[in-house]
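**Student:**
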Amino acid sequence: MTEYLTSVLRPILADLGAPDDFVPAFETPGNPEHGDLATNAALQLAKPLRRAPRQIADAIAAKLRETADPDRIAAVEVAGPGFLNIRFSDRYLAAALRDLRSHGDGYGRTDAHAGQTALVEFVSANPTGPLTVGHGRNAVLGDTVASLLEAVGYAVTREYYFNDAGRQMRILGQSVRARYDALVNPAMPTKDVSGNLVPETFPDDGYLGGYIEDIARSLYDAHGDALAASDDETPFKQAAQAAIFQDIEGTMRRLGVKMDTYFNEHTLYQQPDTGEKAPIYQVVDTLNERGYIAERDGAVWLLTSKTGKVGKDGEPVDTVLVKSSGEPTYRLPDIAYHVNKLNRGFDLALDVFGADHIATYPDVLLGLDLLGYDSKKVDVLVYQFVTLVRGGEQVKMSTRKANYVTLDELMDDVGVDVTRYFFLMRSPGTHLEFDLDLAKEASDKNPVFYLQYAHARICSILRKAEETGLVLSSDADLSLLTHPSEIDLTKALLHFPQTVARAAEQREPHLVAGYLREVASAFSQVYRDSRIVGEEKNLAEARLALADATRIVLGNGLRLLGLNAPEKM
RNA sequence: GUGCCCGUAGCUCAGUGGAUUAGAGCGGCUGACUACGGAUCAGCAGGUCGGAGGUUCGAAUCCUUCCGGGCACGCCA
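In our numbering, the protein residues as written are 185 to 753.
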């Protein structure tokens, strides 16, 4: 509809002398008295045209009434300082509703990004422990934003980036080894780490979670004490990594998250078969050729100061890429990884991560620009932390210290749909306070059930209607839908595609969650006001069609969010 | 100290620079089942939109500043 209006307005605005590049903005007013669509075009044009906004609005409105198709536009009004309020005609609503139903499962999808590709990188937890409630926000957000991008036309790849070679993995291996040693030698002395009794050989910064003992136990069951003799910790590390990854994958599967690709950070350090340098050193070489590298104190520096970067004291600062020990810092593989992403030809590379990583990506973007890549293709979805509240007190989550609630435990307690919806119902930018006791207690009051209930109820009505001989028809006389609540519902249903599009562009799934609640609520009101079964045939068919359209929107919306759309509850 | 995010009803949160009245859920109170699913619906109470300035015809929204909370600022990942 906005497209239609834009096209009708173009000649009108041109006649008035509006700048060529002026595009009127439309919005759906919150107050229904202000029409179905409103534009502030006249106010915006007041300055360039040097005329009173109200006067411009009157002129536009007069012409619009002449030229607009009465089958679509019922009324154009000028209000307030110069708003144009536009009302849709009943015939337009009927036609749009028919169109909606003909799209079926595809309703809500648009093609603004058809032909484009996107890489969404998310979760990306290193295999040091089970996925926690903290990871849950990342996983659900990333997966759902990926789905939203698909809905606006992107071909999306979901990718998991991990590192199984670093210091943390070494400590993980040592942690397993210590637990294993204690099984081999039950008399081994113990010590205290962070209030936990652990074997003497346990690293002070080791992983304290119970899963470490499980892994050690299974190694002991399989190999007895055969591994104790060697100092090599590789078998422990590998066993831990395999077991933990299996666990993580199981959790994601349960959550409904399916990765397309896994990217191992380690490959960025390896020389490719072609004999070229490893990707990270290619990055260093190219930056060097371009004059952005210096060696100082035995380390390799990226001259970020040349681009105006300043430190905490306002002094220009550079960034270390390779330490004097010869080890790269984490920034270097980060840059190389994003080079890899763009080399794979993605039009959009979206990273999903928590607020604690916010500082890392300016360097990545800068590095890409200096290398001649278009860093605008890289976008970041930063979400705020999940703070966990248990027994009325905040729990500081740490995988290492085993202060966490796993996603699996959460799903055990409240189910998958509630878990997903919980992470989706709030804006990514706000801190999410997670009260475990409340989550369990209130799980059957969770809004997700409200949406699912509405969907199931409609399905039930459709079943009932079929029993009484009513059939869903594509050419029901929709002009019979005249009750205000029916019209409100119809208009709400028509907002679905634009809501999805906006949620995708802004990477904000909560917009869809909130929208679905409005639809469910609007339907409940229709349910209160107008019956279907038992009404005169034509009226019943029209109402049945509206119910079916609502089922389509709720169903598509729920599935888009990765939630079940049950036909019965 | 510097940067980023957040501060809206008792609680958890929506809110697109726009038009009398800032919305929803939960919680509280009051009503509605001879009904296609009551896991619902209707109503009431509850707000100096953290404070103060500024821009604008108009500010929860934009700018400045202060207060409160989170996060980040490393030859850690």
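No residue lacks a Cβ here, since even glycine has one placed at the ideal position from N, Cα and C.
#1: Does the segment 294 to 304 come close enough to the segment 476 to 493 to have 3 or more Cβ pairs within less than 8 Å?
#2: Going along the chain, which residues of its own chain have a beta-carbon closer than 7 Å to the beta-carbon of Ala483, five neighbours each way excluded?
#3: Kindly indicate which three-state DSSP category Phe267 falls into: helix, strand or coil?
#4: What are the partner residues of Gly538, as DSSP defines its beta bridges?
#5: Mapping the DSSP letters down to three states, classify Ile519 as helix, strand or coil.
#6: I'd like the list of long-range same chain contacts for Ala202, defined as Cβ closer than 6 Å, with 5 residues on each side in sequence excluded.
#7: If I'm right that Ala263 touches Asn269 with Cβ under 8 Å, what's the distance once you round it to whole angstroms?
#8: May I ask you to list the residues that DSSP assigns as paired with Phe272?
#9: Curious, which full-length alpha helix (DSSP H) runs of at least 4 residues does the segment 636 to 682 contain?
#10: Return the residue from the list Lys675, Leu333, His450, Ala339 that minimises the CA-CA distance to Pro213.
#11: Can you tell me where the beta strand (DSSP E) with Leu486 in it begins and where it stops?
#12: Could you check whether the segment 578 to 593 touches the segment 331 to 348, counting it as contact only if at least three pairs of C-beta atoms, one from each stretch, sit closer than 8 Å?
#13: Beta carbon of Met372, beta carbon of Pro387: below 8 Å?
#14: Would you list the one or two residues that DSSP bridges to Ile477?
#15: Please give me, in chain order, every unbroken run of the alpha helix (DSSP H) with length at least 4 that falls completely inside the segment 327 to 392.
#16: Once you ignore the five residues that flank Pro754 on each side, which residues in its own chain have a CB closer than 6 Å to its CB?
#17: I need the boundaries of the alpha helix (DSSP H) containing Asp832, first residue and last residue.
#18: Have a look at Ala243 and Asp672 and give me their C-alpha separation to the nearest angstrom.
#19: Using a Cβ-Cβ cutoff of less than 6 Å, which residues in the same chain neighbour Ala362 once the five nearest sequence positions on both sides are dropped?
#20: Could you check the C-alpha separation between Pro254 and Leu646 for me, to the nearest Å?
#21: If you drop the 5 nearest sequence neighbours on each side, which residues of the same chain put their C-beta closer than 6 Å to that of Leu403?
#22: Only counting the same chain, and skipping five residues up and downstream in sequence, which positions put a Cβ closer than 6 Å to that of Arg271?
#23: Once you ignore the five residues that flank Val360 on each side, which residues in its own chain have a CB closer than 6 Å to its CB?
#24: Considering only the alpha carbon of each residue, which of Leu487, Ala209, Ala246 lies closest to Tyr476?
#25: Count the other CB atoms within 10 Å of the CB of Val684; is the residue buried (16 or more) or exposed (fewer)?
#26: Between Phe680 and the rest of its own chain, which residues show a CB-CB distance below 6 Å, the 5 nearest in sequence each way excluded?
#27: For Gly341, tell me which candidate among Ser331, Ser669, Phe707 has the shortest Cα-Cα distance.
#28: Short check: CB of Arg727 to CB of Ser714, under 8 Å?
#29: Short of 6 Å in beta carbon distance, which residues of its chain neighbour Ile542, apart from the five on each side in sequence? Order them along the chain.
#30: For Ala302, which residues does DSSP report across the bridge?
#31: Could you give the DSSP three-state label for Glu211: helix, strand or coil?
#32: Using DSSP with H/G/I as helix, E/B as strand and the rest coil, what is Leu555?
#33: Alpha carbons only, please: which of Asn215, Leu193, Leu284 is nearest the one belonging to Ala241?
#34: Whole angstroms is fine: what's the gap from Phe346's alpha carbon to Arg480's?
#35: Check Ala222 in the structure and name its three-state DSSP category.
#36: What's the gap between the Cα of Met353 and the Cα of Asn310?
**Tutor:** Result, derived from the coordinates:
#1: no
#2: Val504, Val506, Lys507, Ser508
#3: strand
#4: Tyr567
#5: helix
#6: Leu229
#7: 5 Å
#8: Ile257
#9: 668 to 678
#10: Lys675
#11: 483 to 486
#12: no
#13: no
#14: Leu486
#15: 351 to 368
#16: This structure leaves residue 754 out entirely; the chain is present only between 185 and 753.
#17: Residue 832 lies beyond the range of the chain shown here (185 to 753); nothing can be said about it.
#18: 30 Å
#19: Pro383, Thr385, Phe386
#20: 34 Å
#21: Tyr364, Ala423
#22: Gly219, Asp220, Ala258, Ala259
#23: Ile396, Ile399, Ala400, Phe420, Ala424
#24: Leu487
#25: buried
#26: Gly292, Val737
#27: It is worth fixing the name first, because residue 341 is Thr in this sequence and not Gly. Nearest of Ser331, Ser669, Phe707 to Thr341, Cα basis: Ser331.
#28: yes
#29: Val566
#30: Val340, Leu532
#31: strand
#32: coil
#33: Leu193
#34: 30 Å
#35: strand
#36: 8 Å
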